[in-house]
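Engineer: Got a structure here, written out as structure tokens. Questions coming.
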DNA sequence: CATATTTATGCGTTTTCATGCCATATTTAT
DNA sequence: ATAAATATGGCATGAAAACGCATAAATATG
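Chains as they are written, first to last, in our numbering: chain A, 15 to 263; chain B, 15 to 263.
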């Protein structure tokens, strides 16, 4: 069998099944795995497939995943994300909302971390999926196209059954008197339940949302354990929250 | 034998078999391999074939096998997507698996369509979310990073409670004897349940996957109502499936 | 017709290519 | 953490190609 023939066959298989395994091909074509690997390498160099450990993937296969997410990462949110990620330890069950700060948290997770992340937010789930070692659980229900999160009775019931170690909420408003507030009723319900279902509640927000209000109440300051912003904890604007018994990072 | 004769013979062989081996030709025509090589070189210079190490290939070989497939199969899938999308009517509840054909179906949905789509496939959900009028429901559970789909007991239980009008399955193997098969156990389970939970079952696949087998059984042909490929329904390869009582589009 | 000249072919030698094998990293899964 | 699978780079080997050269047949030339 000619080299080109073999490569054509491989390419055919890749396009057919979206993936090939070196070991399988080697056995099938009866050449050494070295040869297969060299072939895959060449085809990969020519851009005809994507080489991965153990075999190769078709290009169209991998395209799918990178489609939906183009969050412009602000430095402030990156800082918040890093502080938040540092709280998570191996083995934890972590419940999270959606939002850009949460996405940044997901990106800041150390690769070695082994934990379970539970969320109804599709962008968040997409980020968690990139991580090599964390277990990802999606809360199902009706999908809100705006918020890109699953909402509804089903989702709420599901979250109620969870007992998480940590809950990360990206919030849009926090106020010393009224606590955190929302402008979407369904999402407010979800966040309330998430708070109830977690041992510790962490709120993440950029500082400009501090001392702002929205119509729908989520929780009081007393329900919040940790508040994360991009500011250093001794910033004056955070003082009232520390005084209210919240740990500020 | 004259040189021209020899070259004509070689060319004939190339066009007939899509490939020739220098060694074989040399033996066949009883000239030295050098001569064959020189012939191949000349023919290659004239653009009549493609010289490779060990022999030569016909042009059509490269055209068909190489450049064709990746783009071609995308087009094929678009055709499938359109046929599939045409089956859906306002008000329907539609259960779908993941896979590239399903994605194309999602893209082919008419903007005015009002229906409810239920799936555990994240790429599929992302597509459905782009649509202005359809309701999207996500099946929750553990996320399989490979398949980008939610899998597990929870997901299965959820699907069991659904009674959908239509079920679209992107399948990787269908065979006249064994029906449809899978190589992932969890996904096979999901597909089985989806079939049980739907009035009508539609299988979508490019024709290359017809009459192929994989290890895990999903369902028999009798469970399938409609089969969609990129081929016209009267293609010979589809005949056995029509005879088996499947509606082929 | 004798003899250059071109063309086609084969042969040996040297290079290059394709492939397998192995020892050692690296990655992945358990 | 550990075992299994996979990757990497070097090396050996046989097969194919390239190159130069010799030869012989075909063709041209005076």
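Cβ atoms here follow ideal geometry from the backbone N, Cα and C, with glycine treated the same way. Because the structure is a prediction, the values reported are computed rather than measured.
Three or more C-beta pairs under 8 Å: does that hold for the segment 99-110 of chain A against the segment 119-127 of chain A?
Structural biologist: These segments touch.
Engineer: May I ask you to list, following chain order, the residues of the segment 98-117 of chain A that have a beta carbon less than 9 Å from some beta carbon of chain B?
Structural biologist: From the segment 98-117 of chain A, no residue has a Cβ closer than 9 Å to chain B.
Engineer: Look at the alpha carbon of residue 26 (chain B) and the alpha carbon of residue 46 (chain B), and state the distance between them as a whole number of angstroms.
Structural biologist: Whole-angstrom Cα-Cα distance: 19 Å.
Engineer: Which residues in chain A sit within 9 Å of residue 149 (chain B), going by Cβ to Cβ distance?
Structural biologist: 156, 157
Engineer: Going by CA-CA distance only, name the one from A:194, A:204, A:149, A:187 that's closest to residue 173 (chain A).
Structural biologist: A:204
Engineer: Return the residue from the list B:239, B:244, B:245 that minimises the CA-CA distance to residue 257 (chain B).
Structural biologist: Comparing Cα positions, the closest option is B:239.
Engineer: If residue 66 (chain B) and residue 16 (chain A) are in contact, beta carbons under 8 Å, what's the gap, nearest whole angstrom?
Structural biologist: 6 Å
Engineer: Return helix, strand or coil for residue 237 (chain A), following the three-state DSSP convention.
Structural biologist: helix
Engineer: Among the candidates B:215, B:162, B:195, B:200, whose CA atom is the shortest distance from the CA of residue 183 (chain B)?
Structural biologist: B:215
Engineer: Who are the neighbours of residue 17 (chain A) on chain B, taking C-beta pairs under 9 Å?
Structural biologist: 66, 67, 68
Engineer: Step through the CB atoms of chain B and report whether any lies within less than 7 Å of the CB of residue 164 (chain A).
Structural biologist: Cβ-Cβ to chain B under 7 Å: yes for residue 164 (chain A).
Engineer: Assess contact between the segment 240-260 of chain A and the segment 193-204 of chain A, defined as three or more Cβ pairs (one per stretch) separated by less than 8 Å. Is contact present?
Structural biologist: no
Engineer: What are the start and end residues of the alpha helix (DSSP H) that includes residue 48 (chain B)?
Structural biologist: 47-59
Engineer: Could you work out which residues of chain B lie near residue 231 (chain A), taking near to mean beta carbons separated by less than 8 Å?
Structural biologist: None at all; the shortest Cβ gap to chain B is about 26 Å.
Engineer: Would you list the one or two residues that DSSP bridges to residue 174 (chain B)?
Structural biologist: DSSP output for residue 174 (chain B) lists no bridge partner at all.
Engineer: Classify residue 242 (chain B) as helix, strand or coil using the three-state DSSP reduction.
Structural biologist: strand
Engineer: Runs of 3 residues minimum, wholly inside the segment 105-146 of chain B: which ones carry the beta strand (DSSP E) assignment?
Structural biologist: With a minimum length of 3 residues, the continuous beta strand (DSSP E) runs that stay inside the segment 105-146 of chain B are 107-110, 130-133.
Engineer: If you measure between the beta carbons of residue 109 (chain A) and residue 132 (chain A), is that distance less than 7 Å?
Structural biologist: yes
Engineer: For a contact meaning CB atoms closer than 7 Å, what does residue 91 (chain A) contact in chain B?
Structural biologist: Those do not exist, as residue 91 (chain A) stays about 22 Å from chain B at its closest Cβ, beyond 7 Å.
Engineer: Compute the distance between the beta-carbons of residue 191 (chain A) and residue 232 (chain A), then report whether it is under 7 Å.
Structural biologist: no
Engineer: Kindly indicate the opening and closing residues of the beta strand (DSSP E) around residue 155 (chain B).
Structural biologist: 155-158
Engineer: Would you say residue 83 (chain A) faces chain B, with C-beta separation under 7 Å as the test?
Structural biologist: Bear in mind that a pLDDT of 38 at residue 83 (chain A), under 50, signals an unreliable position, so the number given afterwards is only what the model happens to contain. Chain B contact via Cβ: absent.
Engineer: Anything in chain B within Cβ reach of residue 172 (chain A), meaning under 7 Å, just list it in chain order.
Structural biologist: 154
Engineer: Return the first residue and the last residue of the beta strand (DSSP E) that residue 212 (chain A) is part of.
Structural biologist: 212-218
Engineer: Quick check on the DSSP output: the beta strand (DSSP E) that includes residue 69 (chain B) runs from which residue to which?
Structural biologist: 69-71
Engineer: Would the beta-carbon of residue 162 (chain A) fall within 7 Å of that of residue 186 (chain A)?
Structural biologist: The answer is no: Cβ separation not under 7 Å.
Engineer: Could you give the C-beta distance for residue 148 (chain B) and residue 130 (chain B), rounded to a whole number, given that I count them as a contact under 8 Å?
Structural biologist: Taking the Cβ atoms as the reference, residue 148 (chain B) lies roughly 7 Å from residue 130 (chain B), within the contact range of under 8 Å.
Engineer: So what's residue 228 (chain B) in DSSP terms, helix, strand or just coil?
Structural biologist: coil
Engineer: Please identify, using Cβ separations under 7 Å, the residues of the segment 25-37 of chain B that lie next to chain A, in order along the chain.
Structural biologist: 33
Engineer: Restricting to Cα atoms, I'd like to know which of B:228, B:225, B:221 is closest to residue 90 (chain B).
Structural biologist: B:221
Engineer: Examine chain A for any beta-carbon lying closer than 7 Å to the beta-carbon of residue 143 (chain B), and answer yes or no.
Structural biologist: yes
Engineer: Can you tell me whether residue 213 (chain A) is buried or exposed, with buried defined as 16 or more other CB within 10 angstroms of its CB?
Structural biologist: exposed
Engineer: Taking Cβ positions only, does residue 123 (chain B) come closer than 7 Å to chain A?
Structural biologist: no
Engineer: Going along the chain, which residues of its own chain have a beta-carbon closer than 8 Å to the beta-carbon of residue 225 (chain A), five neighbours each way excluded?
Structural biologist: 188, 189, 190, 251
Engineer: Which stretch, first to last residue, makes up the beta strand (DSSP E) that contains residue 64 (chain A)?
Structural biologist: Where residue 64 (chain A) is concerned, the enclosing beta strand (DSSP E) stretches over 64-66.
Engineer: Helix, strand or coil, according to DSSP, for residue 25 (chain A) in the structure here?
Structural biologist: helix
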